[in-house]
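Q:
There are 2 protein chains.
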Amino acid sequence: MTTETTEARVLDAIRERRELVNAAIDEELPIQHPERLYEASRYILEAGGKRLRPTVTTLAAEAVTGTEPMGEEFRAFTSLDGEPVDVMRAAVAIEVIQSFTLIHDDIMDEDDLRRGVPAVHEKYDTSTAILAGDTLYSKAFEFMTETGADPAAGLEAMRMLASTCTEICEGQALDVAFETRDDILPEEYLEMVELKTAVLYGAAAATPAILLGADEEVVDALYQYGIDSGRAFQIQDDVLDLTVPSEELGKQRGSDLVEGKETLITLHARQEGLDVDGLVDAETPAEVTEPEVDDAVKSLEATGSIAYARNTAEELTARSKEHLKVLPESESRSLLEDIADYLITRGH
Amino acid sequence: MTTETTEARVLDAIRERRELVNAAIDEELPIQHPERLYEASRYILEAGGKRLRPTVTTLAAEAVTGTEPMGEEFRAFTSLDGEPVDVMRAAVAIEVIQSFTLIHDDIMDEDDLRRGVPAVHEKYDTSTAILAGDTLYSKAFEFMTETGADPAAGLEAMRMLASTCTEICEGQALDVAFETRDDILPEEYLEMVELKTAVLYGAAAATPAILLGADEEVVDALYQYGIDSGRAFQIQDDVLDLTVPSEELGKQRGSDLVEGKETLITLHARQEGLDVDGLVDAETPAEVTEPEVDDAVKSLEATGSIAYARNTAEELTARSKEHLKVLPESESRSLLEDIADYLITRGH
């Protein structure tokens, strides 16, 4: 488990990289003709975000090459063959893909708020939101072709980015399909989480290893690190929805439950025989009361479902850190371990 | 101008390649888990389409290498360095991108019919249509990483595909923006057409040259061939909307005019002082009568606007064929010239 010191280290690492990432986004995605399209494409990127994935990408670059944290310029990072690679551009590509999925998901899920501001389809309109997402999609691929890495490595990174995007679509399709099913198995839920969320963490961690010329063993290990910590991250998100006060969450606590969204918690509770559908009467997050959510949480605690989700997240986190042992010991590797811990101990 | 013989040659070339393209689409895009997503992704591809762009791609491969038409296996086409390249996979990537844009454009334009069947967002729903488009998008990039070409060439082809997709988004954004503007200049319209339609023809023609190791001069010439013939194609589409009987068009003749869509024809007529907005009273294509369209066409003929569009398309076609002169004379090059002619002489 993270101590306050390791959490502080992670937050420092995120903070110092976030500034560089934001500067790189400004450079790579200038507002140009047609301006409205590019403004809409930048809108969610500018509304905030921790830049967790670019933090993972830049740290993994350091861990692969045995560079100390912030020891090298990410725009011309020395590969294992001694050639400069623009690791930051790859990190921006990953973040831009994340942003594209948020924009399209918000249309599909009819979510009107994102990062405390109106979703793109609300701020602009649905057509613009579809197009803004599509633009970010191709821009990410453009960026990934321009890292200056060895062409074979560059092409391999493109392959990973493309197949990752296909998997994210598959995950979102499963998530949408789950809304009208009442017989989802926990393993189906975990497959959905892996596709919808974890593969992009996998790509964030493995891409720098590919670009910098690391062995396949290292690439695979970093990918699995991302997959396992990404799955843990999503499961923790489901726990937070029930356990963190609304004001800290930035939205009504228990929203997932009110909206009938299945999570590892509800699926476990169903298997334990709990009447999950009867836990709250409210039909919308705006209607539900805090005592109603408190009672639901107590029931989910009684079936051991919240503990089950927490344990699963912890096991996945432990496994994700195991994968890193293939890398030489370093301060950067240690920070990657801390990030895995942080993903499941963060408060929001 | 095309004679009936050259049109027959083009239709033969399209027909014999279409079967191979359709077989390749079946192989590359199998219906897999989650099935509904892949069925929706395949739906418009299966509803028809001439496969014009894959025809251009495969013909350009032959023209670049001096191979006679259908003289080599497209799945293992011999590059200029003697290595096998899967040109067909690149052709499928281009066609799949085209299909993705149709699916998303139909949502944005609220077009409910496509190729005589319900649009994907009508047949399924908007969420599925967004996701089906997104899936085709990443699949196209996956295919382009797997052509077996030299990695530097493969990466260059990826770069062209990605920047082409960005430009298509920009073109669609301009098209959407034009709907609420009444001061569009003909050159703005031509820019929109170039981005929305022509760049994909450019990529269709230039990509095989890149993959097969052709000189930059050849790559550029084929790209410009695609750009100019693609612009001519779109302008011809605008002419056809007014001049081809509804039963042949597969939709009401004059639909663009009724819907207030600006074309090179209406923009020219406005410059000539014609009251374009007063040409038809009907508000929807379902309401308009044939005599009303006839009268509108007469007015647009009187200002010379239809002739102007035809002339522009013919000039672009002549220019597109000029670019091909950098290639050695061959039957395949001659067919590429015929296709340029066909694009503006086709009846629908």
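So the sequence lines, in the order shown, correspond to chains A and B. Numbering-wise, our numbering comes out as the position in the first sequence, counting from 1, plus 731. Numbering-wise, our numbering comes out as the position in the second sequence, counting from 1, plus 731. The C-beta atom is built at its ideal place from N, Cα and C for all residues, glycine as well.
Thinking C-alpha only, which one of M839(B), L905(B) and L1055(B) is nearest Q955(B)?
A: It is L1055(B).
Q: What in chain A is Cβ-close to R845(B), meaning under 7 Å?
A: Near R845(B) there are no residues of chain A at all, since even the closest Cβ is about 16 Å away, more than 7 Å.
Q: Comparing the C-beta of I861(B) with each C-beta of chain A, is any distance below 8 Å?
A: With 8 Å as the cut-off, I861(B) counts as an interface residue toward chain A.
Q: Any idea what DSSP makes of L905(A), helix, strand or coil?
A: In the structure shown, L905(A) sits in a helix (DSSP, three-state: H, G or I).
Q: Whose C-alpha, out of N1042(B), A1000(B) and L1047(B), is nearest the C-alpha of K1029(B)?
A: Measuring from the Cα of K1029(B), the nearest candidate turns out to be A1000(B).
Q: Whose C-alpha, out of G1078(A), R1077(A), L1067(A) and A1071(A), is nearest the C-alpha of P800(A)?
A: Closest by alpha carbon: L1067(A).
Q: Within a Cβ cutoff of 6 Å, which residues of the same chain sit near L867(A), ignoring the five residues on either side of it in sequence?
A: For L867(A), where only same-chain residues beyond five positions count, the Cβ hits under 6 Å are S772, V827, S830 and F831.
Q: With a threshold of 8 Å between beta-carbons, can T1076(B) be considered close to chain A, or not?
A: Taking Cβ atoms only, chain A never reaches closer than 8 Å to T1076(B), which makes this a no.
Q: Please list, in chain order, the chain A residues whose beta carbon lies closer than 7 Å to that of I838(B).
A: Correct list: I861.
Q: When the Cα atoms are used, what is the spatial distance from R782(A) to V741(A)?
A: The straight-line gap from Cα to Cα measures roughly 12 Å.
Q: Please go through the same chain and pick out, in chain order, the residues whose beta-carbon is closer than 8 Å to the beta-carbon of R820(B), but skip the five residues on each side of it.
A: If we look at R820(B) and ignore the five residues flanking it on each side, its Cβ neighbours are A755, E759, R806, F874, M875, E877 and T878.
Q: For T809(A), list the residues DSSP reports as bridge partners.
A: Bridge partners of T809(A): P815(A).
Q: Going straight from the alpha carbon of D906(A) to that of G957(B), what length do you get?
A: Distance between the alpha carbons of D906(A) and G957(B) is about 40 Å.
Q: Please compile the residues from chain A whose C-beta is within a distance smaller than 7 Å of the C-beta of H835(B).
A: Chain A residues near H835(B): I861 and D865.
Q: Looking at the C-beta of A893(A), does it have a partner C-beta in chain B at a distance below 8 Å?
A: With 8 Å as the cut-off, A893(A) counts as an interface residue toward chain B.
Q: What residues in the stretch 875-891 of chain B have a beta carbon less than 7 Å from any beta carbon of chain A?
A: Going along the stretch 875-891 of chain B in chain order, one finds T876, P882, A883, G885, L886, M889 and R890 with a Cβ nearer than 7 Å to chain A.
Q: Suppose you measure from the CA of G1004(B) to the CA of D913(B); what does that come to, to the nearest Å?
A: One C-alpha to the other measures close to 14 Å.
Q: Quick one: what does DSSP say L1066(B) is sitting in, helix, strand or coil?
A: Here L1066(B) sits in helix by DSSP.
Q: Distance cutoff 8 Å, beta carbons only. Does F909(B) sit that close to anything in chain A?
A: Answer no: the Cβ-Cβ gap between F909(B) and chain A never drops below 8 Å.
Q: Just to confirm, are V816(B) and T788(B) a CB contact at a threshold of 8 Å?
A: Not a contact, by the Cβ cut-off of 8 Å.
Q: CB-CB under 7 Å to V950(A), same chain, minus the five flanking residues each way: which ones, in chain order?
A: Closer than 7 Å at Cβ, skipping near neighbours: A937, A940 and I941.
Q: Which residues of chain A have a Cβ atom closer than 8 Å to the Cβ of S858(B), listed in chain order?
A: Going along chain A in sequence order, the residues near S858(B) (Cβ under 8 Å) are I838, M839 and V907.
Q: Can you pull the chain B neighbours of E873(A), defined as C-beta to C-beta under 8 Å?
A: Correct list: R890, A893, S894 and T897.
Q: In three-state terms, what does DSSP make of L790(A)?
A: L790(A): helix per DSSP, three-state reduction.
Q: Under 8 Å between C-beta atoms, does D743(B) make it to chain A?
A: No, D743(B) lies away from the interface with chain A (no Cβ there is under 8 Å from its Cβ).
Q: What residues in its chain sit with their C-beta under 7 Å from that of I775(B), if we drop five residues either side in the sequence?
A: Excluding residues within five positions, the ones whose Cβ falls inside 7 Å are S830, L833, I834, R845, R846 and V851.
Q: Hey, is the stretch 956-972 of chain A in contact with the stretch 912-928 of chain A, meaning 3+ C-beta pairs nearer than 8 Å?
A: Segments in contact, yes.
Q: Going along chain B, which residues have a C-beta under 7 Å from Q903(A)?
A: The contacting residues are L862.
Q: From L751(A), D969(A) and A1033(A), pick the residue whose C-alpha is nearest to that of R1041(A); which is it?
A: Ranking the options by Cα distance to R1041(A), first place goes to D969(A).
Q: Kindly list the residues whose CB is nearer than 6 Å to the CB of D812(B), restricted to its own chain and excluding five residues on each side of it in sequence; keep chain order.
A: So the qualifying residues of the chain are G944.
Q: Can you find a C-beta in chain A that's less than 8 Å from the C-beta of Y868(B)?
A: By this cut-off, Y868(B) is an interface position.
Q: Just the Cα atoms here: how many angstroms apart are P1016(A) and E898(A)?
A: So the two alpha carbons sit approximately 30 Å from each other.
Q: Quick check on DSSP: helix, strand or coil for P882(B)?
A: In this structure, P882(B) counts as helix in the three-state DSSP scheme.
Q: Any chance the CB of K927(B) is under 7 Å from a heavy atom of the ligand MG?
A: Because no ligand of any kind appears in the structure shown, any question about the ligand MG cannot be addressed here.
Q: If you scan the stretch 1002-1038 of chain A from start to end, which runs of the alpha helix (DSSP H) of 4 or more residues do you find wholly inside it?
A: Runs found: 1021-1033.
Q: Using Cβ-Cβ distances below 8 Å, what residues of the stretch 750-768 of chain B are close to chain A?
A: For the stretch 750-768 of chain B, which is checked against every Cβ of chain A, the residues closer than 8 Å are H764, P765, R767 and L768.
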